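Which chain is which? The protein sequence lines are A and B, in order.
For what it's worth, my numbering labels the leading residue of the first sequence as 1, then goes sequentially.
For what it's worth, my numbering labels the leading residue of the second sequence as 299, then goes sequentially.
Note that the Cβ used here is the ideal one computed from N, Cα and C, for glycine as well.
Computed from a predicted structure; not experimentally measured.
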Amino acid sequence: MSGTTSTGKVMTAEDVAATLRDGMTVGIGGWGSRRKPMALVRAVLRAGVRDLTVVSCGGPDVGLLCAAGLVRRVVAPFVTLDSVPLEPHFRAARQSGAVAFTEYDEGMFLFGLLAAAHRLPFLPTRAGLGSDVLRVNPELRTVRSPYGEGEELVAVPALSLDVALVHVDRADPRGNGRYLGPDPYLDDLYAKAAARCYLSCERLVPPGEPAGPPQTLLISRMHIAGVVEAPGGGHFTDCSPDRGRDEAFQRHYARAAAAGGEEWAAFAARFLGGDEAVYQEEVRRWHEERARPVKEGV
Amino acid sequence: MTATRAEVCVAACAEAWRGDGEVLAAAMGVCSVLGARLARMTFAPDLLTTDGGALLTAAPIPYGAPPGPVEGWLPFRDHLWLVLNGRRHVMMGASQIDRHGNTNISAIGPWARPRSQLLGSRGAPGNTICCPTSYWIPRHSTRVFVPEVDMASGVGTDRAAALGPRAARFHDLRRVVTDLAVLDLGGPGGTMRLLSVHPGVTVDEVVAATGFPLAIGPGGVPETPEPGEEELRLIRDVLDPGGAREAEVPG
C-alpha cells in the first residue's frame, strides 16, 4: 500500500489559503447562499491574495471577496443570498466599477465547467442566443453545426480553474466527499475543472463511513489535493440536513454589508478579524445576545 | 365569496399552464408558484411541480411547506438540462420588460457600470430561447414596463425574429400576468397586447402604468375571470393558508 496514510490529505484552511497566488482563477462550489465553502473563503480573506478571478454561482463568497478588494473579475450567472435576493457587496463592487464581470446564463456556466472538466475547449449550446449576454461578453464566439442545416450555436469556452474550493457534509482523509442534502449543485464539476481542488467538510470520517447510498459520494479523491475539517464551515449558508441557513445572521450580514462604512467595519472587525475559531465563537455569542431579553428602561 | 386581487392573480397565473400536458411548471414568485400548483390541482393534473427546490412533489404542496412524498429529483444541473430538453414552461419575474417582451433581471443603467446591479442574467437567456416562457410581474408600473430594457437577459420576439426561424424555433413567449392585467405578445409584429384587466382595474390605468403603447384586441378588453368557489377554497385553505399571496399583492 502506498499513498494515503492515516492523515492522508488533511490540512488546515490556512494551508489551503497559502497555496493561492495573486491573479489566480478560483472556482467556488455551492449555489447562491447554499453549501458555500465559507471557512475556506474566510481563510482566503485573511491571506489577502489579490487580483483573483472568481468563478461561482455567486453568494456571500463573492460578496466577501469583493468587499475585501481581492477580486479583479467575477465570472457568474448571478450573485444572490437567496432569501435576500441581492448581494450588497457585489452590488457595491459593480456599481463602483471595482470589479470586472463575465456574466453568463446559468446553462452556459454549467457548460463552461463541463467543457473544462472534460478537457474540451468549448461546448455548444442554444442558451445565450439573442440575449445581451453575447453583447456584454464580446469575446464569446458562435459555432455552426457541421450537421443538418448548420444551426448556429454559442460556443461556451471552458471555465478552467487554477484552484477550486468546495464544501461537503462528510469527507474522508483521502479526499472522498459525500453530500447529504438534496442537491449536489455543480461541486464535482468544479473539482474536475480545476488544476487543484480543496475540499472542506462538516465532519471528517474514515473512508466508507458512515455508510450511505453510493450516489451520495459526489467527490472522488482523484480530484482532491487537500481536505479540511471545518464544522460549521458552510456558515451562514444552507448546509442541510446538518445545519440550515442561519437566516438571522445572514440578515445581519446583509444589513451591515448594505450599510457599508462604519457598520460594515464593525461587522468585519468582530467576525472576520480573527481566525475561524474566533468567527464561530463570535457567531455563537451574537445569537446569545439576541436571545437575551432586552431590559426595558425603568 | 369575492376574490382578492392576489387571488385573481393566482388564477390568471394558473391559466398560463392550461393545455401544457406533462411538463414541468417552473414558477418564480408567490402567485406564480401558487398558480402552477392550482393548475395541477384543477385543470392540468399532468403538470409536474416542485417544492421550490430540487424535489418534484408527488402532489402540489402548500406554499413554504415541506415536500412530503416525492415523485422525482431535479437538482439545478438537471433543471438546466431540462431547459434544453424543453419539457418545461417557466414563469419568471422581470425587473424591466419592453414592448417585444425582452426582459431584464441583470442590471439597471449602463451594464459596464450599472446604477443598480440586480441578480445577473440567471437562466433567463436559456429559458427564453429554449422553452415556453411566461412572466409574473407583481408591480405593473412604468418602472418595469419600459420602452427599452437596459440589458436583454430574456429574449423578446424582435430579437428571436432576428435570429431566424431555425435558431428561434423553440422561442415561445406565452403570457404576462401582472397585478393589474393579463397580456401577451400577440400584437402587431410580436408586440404586447392587453388581453384582460383584473376586476376593479380600468384599461386607462393599465395604459398609464405601461411605458409603451399597448395593442388591444378587436373585441375590446374583458375582465380577467375570478377564481371559482372551488379554486378559492384550494387557494385559501389548501395551498396558501398563511396568506403569502396577500403580502405579494396587497389588498
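The beta carbon of Glu139(A) sits no closer than 8 Å to any beta carbon of chain B.
Under DSSP, the beta-bridge partners assigned to Glu521(B) are Val495(B). When rounded, the separation of the alpha-carbon atoms in Gly27(A) and Leu123(A) is 19 Å.
When only Cα atoms are considered, Glu149(A) and Val143(A) end up about 13 Å apart. Shown here for Lys192(A): same chain residues with a beta carbon closer than 7 Å to its own, the five before and five after excluded, namely Ala117 and His223 in chain order.
Of all alpha-carbon atoms in Asp456(B), Gly485(B) and Asp502(B), the one lying nearest the alpha-carbon of Leu478(B) is that of Asp502(B). Classified as buried, Ala115(A) has 16 or more neighbouring CB atoms from the shown chains inside 10 Å of its CB. Counted as a single uninterrupted DSSP element, the beta strand (DSSP E) harbouring His167(A) occupies residues Leu161 to Ala171.
Residues of the region 437-466 of chain B that bring their beta carbon within less than 8 Å of a beta carbon in chain A comprise Met449, Ala450, Ser451, Gly452, Val453, Arg457, Ala458, Ala460, Leu461, Arg464, Ala465 and Ala466, in sequence order. For Trp379(B), the closest of Glu106(A), Ala17(A), Gly23(A) and Ala257(A) by C-alpha to C-alpha distance is Glu106(A).
Val156(A) is bridged by DSSP to Leu123(A). Interface annotation for the region 158-190 of chain A against chain B: Pro182, Asp183, Pro184, Tyr185 and Leu186, criterion Cβ-Cβ distance under 7 Å. For Ala248(A), the enclosing alpha helix (DSSP H) covers residues Glu247 to Ala259. With a threshold of 16 other beta carbon atoms within 10 Å, Arg457(B) meets it and is buried. At a cut-off of 8 Å between beta-carbon atoms, Ile427(B) makes contact with chain A.
For Gln280(A), the nearest beta carbon of chain B is not closer than 8 Å to its own beta carbon.
Taking 7 Å as the upper bound on Cβ-Cβ separation, chain A lies near residues Gly351, Ala352 and Leu353 of the region 342-369 of chain B. As DSSP reads the structure, Arg464(B) sits in no beta bridge. Uninterrupted beta strand (DSSP E) stretches at least 3 residues long and entirely within the region 67-134 of chain A occur at 71-76, 100-103 and 122-125, given in chain order. Shown here, Ala211(A) sits in coil according to DSSP, grouped into three states, outside any helix or strand. When secondary structure is reduced to three states using DSSP, Trp434(B) falls in the strand class. Thr401(B) has its alpha-carbon roughly 30 Å from the corresponding atom of Ala301(B). Between Met38(A) and Trp371(B), the alpha-carbon positions lie close to 27 Å from each other.
With fewer than 16 other beta carbons inside 10 angstroms of its own, Ala277(A) counts as exposed. Looking only at Leu189(A), Gln280(A), Gly32(A) and Ser83(A), the smallest Cα-Cα distance to Leu218(A) is reached by Leu189(A). Within the region 411-422 of chain B, contact with chain A at the beta-carbon level (separation under 9 Å) is assigned to Arg411, Pro412, Arg413, Ser414, Gln415, Leu416, Leu417, Gly418, Ser419, Arg420, Gly421 and Ala422. By the rule that beta-carbons nearer than 8 Å mark a contact, Gln250(A) does not touch chain B. Thr347(B) has its alpha-carbon roughly 30 Å from the corresponding atom of Ser439(B). One Cα belongs to Leu110(A), the other to Val499(B), and the distance between them is close to 43 Å.
When 8 Å is used as the limit between beta carbons, Ser404(B) is near these residues of chain A: Glu103 and Asp132, in chain order. Distances from the CA of Ala352(B) to each of Gly452(B), Ala422(B), Val368(B) and Thr340(B) were compared; the closest alpha carbon is that of Val368(B). As DSSP reads the structure, Glu229(A) sits in a beta bridge with Cys201(A). Around the beta-carbon of Ala460(B), fewer than 16 other beta-carbon atoms lie within 10 Å, marking it exposed.
Identification of residues in the region 106-131 of chain A having a C-beta nearer than 8 Å to some C-beta of chain B yields Glu106, Gly107, Met108, Leu110, Thr125, Arg126, Ala127, Gly128, Leu129, Gly130 and Ser131, given in sequence order. Cα atoms of Pro293(A) and Ala248(A): separation of roughly 16 Å, rounded to the nearest angstrom.
Taken atom to atom, the span from the alpha-carbon of His235(A) to that of Gly58(A) is near 15 Å.
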